[in-house]
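Engineer: The structure is given below, and queries will be raised subsequently.
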Amino acid sequence: MVLHHINFQAQKGEVVTIIGPNGSGKTTLLKTIPGLIHALEGYALLDQEDLSQMPAKLKAKRVAMVMQPMESIYMTVEEYVLLGRLPYFKTYQFIEDPSDIRAADKYLEYTGISHLKGESLSRISSGERQLATIAKALAQEPELLLMDEPTSHLDISHQAQILKLITDLKQQHDLTVVMVQHDLNLAGEYSDQVILLDKETQTLYKSGSPKEVITEAHIRAVYHTDVVVESNPHSGRPGVFLRKS
Numbered sequence: 002m003v004l005h006h007i008n009f010q011a012q013k014g015e016v017v018t019i020i021g022p023n024g025s026g027k028t029t030l031l032k033t034i035p036g037l038i039h040a041l042e043g044y045a046l047l048d049q050e051d052l053s054q055m056p057a058k059l060k061a062k063r064v065a066m067v068m069q070p071m072e073s074i075y076m077t078v079e080e081y082v083l084l085g086r087l088p089y090f091k092t093y094q095f096i097e098d099p100s101d102i103r104a105a106d107k108y109l110e111y112t113g114i115s116h117l118k119g120e121s122l123s124r125i126s127s128g129e130r131q132l133a134t135i136a137k138a139l140a141q142e143p144e145l146l147l148m149d150e151p152t153s154h155l156d157i158s159h160q161a162q163i164l165k166l167i168t169d170l171k172q173q174h175d176l177t178v179v180m181v182q183h184d185l186n187l188a189g190e191y192s193d194q195v196i197l198l199d200k201e202t203q204t205l206y207k208s209g210s211p212k213e214v215i216t217e218a219h220i221r222a223v224y225h226t227d228v229v230v231e232s233n234p235h236s237g238r239p240g241v242f243l244r245k246s
């Protein structure tokens, strides 16, 4: 997947959501930001610093990434969250110190899973595993949080829990969040900025506020699907509904 002419800016404390059809390069774009995928041209800046040139340990303190959690990790939830403290380990430090334990406990509590700290990661639910993955990322204490489909395959209760958590992180901690999202309704409801990718041209089709991007014309052009877009009566945000033929 090669993307062309992608240019966007995320403000501090903003939630930016990348949407587009399957195969349009959403995860590719997300992984390019921290340099997990090398950009052939261009760069990603964090406070005017090129992330591709940033030392790995410093980058891990400033940028955290939440990917789809693996089920077959045989460690406790607490041990998993403590992996987020590795960037803070001093030279020749091989085990966590009390400050790392405090940080892990803080984010286990923040994500509402402190009661699971002694449980095996492989034995908890997918929603709880996703919360543990978010807690691990937060333990890095980043400025920028990258999330790949954080609500995928979760029931509505865990979706609501994670999206409330993202909103709280934005409002209370001024954390910038860039996430990939398949659900257009969730993208419209929880984003400050939406980036719509076009699979056919492998470019950015449209970016802007949810109301500017999530329109019937844009969805029809990129997804080749006839939809109705109406405002949520409670929030005024755009909601997407399939048009019954």
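Position 161 of the sequence shown, counted from 1, bears residue number 162 in my numbering, the numbering being contiguous throughout. C-beta: ideal position from N, C-alpha, C; glycine also.
(1) Where does the unbroken alpha helix (DSSP H) through Asp48 begin, and where does it stop?
(2) Bridge partners of Gln194, per DSSP?
(3) Near Tyr75, what residues of its chain come up, given a Cβ to Cβ distance below 8 Å and the 5 sequence neighbours on each side ignored?
(4) How far does the alpha helix (DSSP H) with Glu129 in it reach, from first residue to last?
(5) So what does DSSP say about Lys62, is it helix, strand or coil?
(6) May I ask you to report which of helix, strand or coil DSSP gives Tyr108?
(7) So what does DSSP say about Pro239, is it helix, strand or coil?
(8) Return the chain-ordered list of same chain residues with a C-beta closer than 6 Å to the C-beta of Lys171, the five sequence neighbours on each side being excluded.
(9) Select from Leu205, His235, Ala222, Asn233 the residue whose C-alpha is nearest the C-alpha of His6.
(10) Output yes or no for whether 8 Å exceeds the beta carbon distance between Ile135 and Val67.
(11) So, are the CB atoms of Lys62 and Gln173 less than 8 Å apart?
(12) Is the CB-CB distance between Asp227 and Ser25 below 8 Å?
(13) I need the DSSP call for Asp175, collapsed to helix, strand or coil.
(14) Can you tell me whether Thr77 is helix, strand or coil according to DSSP?
(15) Touching or not, the stretch 174-181 and the stretch 93-112, by the rule of three or more beta carbon pairs under 8 Å?
(16) If contacts are defined as beta-carbon pairs under 8 Å, then Glu79 and Leu52 qualify, I think. What distance do you get, rounded to the angstrom?
(17) Could you work out which residue in Val241, Leu4, Gly85, Thr202 is closest to Glu190 when comparing CA atoms only?
(18) Helix, strand or coil for Asp199? Go by DSSP, reduced to three states.
(19) Would you tell me roughly how many angstroms separate the C-alpha atoms of Ala105 and Arg130, rounded to the nearest one?
(20) Report yes if the CB atom of Gly128 is closer than 8 Å to the CB atom of His159, and no otherwise.
(21) Just list the residues that DSSP pairs Glu231 with in beta bridges.
Structural biologist: This is what the structure holds:
(1) Residue numbering aside, residue 48 sits at position 47 when the sequence shown is read from its first letter. That residue, Asp48, is in no alpha helix (DSSP H); it is neither H nor E in DSSP.
(2) The residue labelled residue 194 in the question sits at position 193 within the sequence shown. Answer is Val17, bridged to Gln194.
(3) Working through the sequence shown from its first residue, we reach residue 75 at position 74. The residues are Ser121, Leu122, Ser123.
(4) Here the question's residue 129 lines up with position 128 in the sequence shown. Segment 127-140, the alpha helix (DSSP H) holding Glu129.
(5) Locating residue 62 in the sequence shown gives position 61, counting from the first residue. The answer is helix: DSSP assigns Lys62 an H, G or I state.
(6) For this step, residue 108 is matched to residue 107 along the sequence shown. It is helical.
(7) Taking the sequence shown and counting its residues from 1, one reaches residue 239 at position 238. Note: Pro239 maps to strand in three-state DSSP.
(8) Residue numbering aside, residue 171 sits at position 170 when the sequence shown is read from its first letter. Closer than 6 Å at the Cβ level, and outside the excluded window around Lys171, lie Gly14, Val16.
(9) For the purposes of this step, residue 6 is taken as the residue at position 5 of the sequence shown. Here the closest residue by C-alpha is Leu205.
(10) What you label residue 135 is simply residue 134 of the sequence shown in a count that begins at 1. What you label residue 67 is simply residue 66 of the sequence shown in a count that begins at 1. At the C-beta level, Ile135 and Val67 come within 8 Å of one another.
(11) Within the sequence shown, the letter at position 61 stands for residue 62. Within the sequence shown, the letter at position 172 stands for residue 173. For Lys62 and Gln173, no; Cβs fall outside 8 Å.
(12) Position 226 of the sequence shown, counted from the start, is the residue given in the question as residue 227. Position 24 of the sequence shown, counted from the start, is the residue given in the question as residue 25. In this structure, the beta-carbon distance from Asp227 to Ser25 does not fall below 8 Å.
(13) Taking the sequence shown and counting its residues from 1, the one referred to as residue 175 is at position 174. If DSSP states are grouped into helix, strand and coil, Asp175 belongs with coil.
(14) Along the sequence shown, one-based indexing puts residue 77 at 76. In the three-state scheme derived from DSSP, where H, G and I count as helix and E and B as strand, Thr77 is classed as strand.
(15) Of all C-beta pairs linking the stretch 174-181 to the stretch 93-112, fewer than three are shorter than 8 Å, placing the two stretches out of contact.
(16) Looking up residue 79 in the sequence shown gives position 78. Looking up residue 52 in the sequence shown gives position 51. Wrong, their Cβ atoms sit about 30 Å apart, outside the cutoff.
(17) Counting from one through the sequence shown, the residue named residue 190 turns up at place 189. Comparing Cα-Cα distances from Glu190 to each of Val241, Leu4, Gly85, Thr202, the minimum goes to Val241.
(18) Counted from its first residue, the sequence shown places residue 199 at position 198. Under the three-state reduction of DSSP, Asp199 is assigned to strand.
(19) For the purposes of this step, residue 105 is taken as the residue at position 104 of the sequence shown. For the purposes of this step, residue 130 is taken as the residue at position 129 of the sequence shown. Answer to the nearest angstrom: the Cα atoms are 15 Å apart.
(20) Reading the sequence shown from its first residue, position 127 is the one you call residue 128. Reading the sequence shown from its first residue, position 158 is the one you call residue 159. Contact check for Gly128 against His159 passes: the beta carbons are separated by less than 8 Å.
(21) By one-based count along the sequence shown, residue 231 stands at place 230. In DSSP, Glu231 forms a bridge with Gly240.
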